[in-house]
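Since the structure comes first, as structure tokens, the remarks are kept for the end.
Residue numbers (our numbering): 188 to 276.
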């Protein structure tokens, strides 16, 4: 292995429970807020701020889900394979 690959460290572990918990919490909070919009009356001056906040929270959860189950997981596997091949040479 070269010095550069030693500095990178191991790739992140698959299925990190903390990231999954944060994603579930963010998506749950966002969806709960979205559902509450049907039952709780919001003053008109606060509607845009509330919708912006809900969009941000749902975006956080969506980002966690994408990073756990999206293309980046495949990228991590490819990077790990490349590091193994580089170490064999």
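We put the beta carbon where it would ideally sit given N, CA and C, even for glycine.
Computed from a predicted model, the values in this text were never measured in an experiment.
Looking at the unbroken alpha helix (DSSP H) that takes in residue 214, where does it start and where does it end? Along the chain shown, read from residue 1 onward, the residue named residue 214 stands at position 27. In this chain, the alpha helix (DSSP H) harbouring residue 214 covers 204–223.
Three-state secondary structure (DSSP) at residue 228? In the chain shown, the residue the question calls residue 228 occupies position 41. When secondary structure is reduced to three states using DSSP, residue 228 falls in the coil class, being assigned neither helix nor strand.
Whose C-alpha, out of 274, 271, 235, 220, is nearest the C-alpha of residue 245? As a first step, residue 245 is located in the chain shown; it is residue number 58 there, counting from the start. Just measuring C-alpha positions, the residue of 274, 271, 235, 220 sitting nearest residue 245 is 220.
Three Cβ pairs or more, each shorter than 8 Å: is that satisfied between the region 227–234 and the region 260–274? The region 227–234 is not in contact with the region 260–274.
Just tell me which of 234, 240, 249 has its CA closest to the CA of residue 210. Position 23 of the chain shown, counted from the start, is the residue given in the question as residue 210. Answer by Cα proximity: 249.
Buried or exposed: residue 236, going by 16 or more other Cβ atoms within 10 Å of its Cβ? As a first step, residue 236 must be located in the chain shown, where it is residue number 49. Burial call: exposed.
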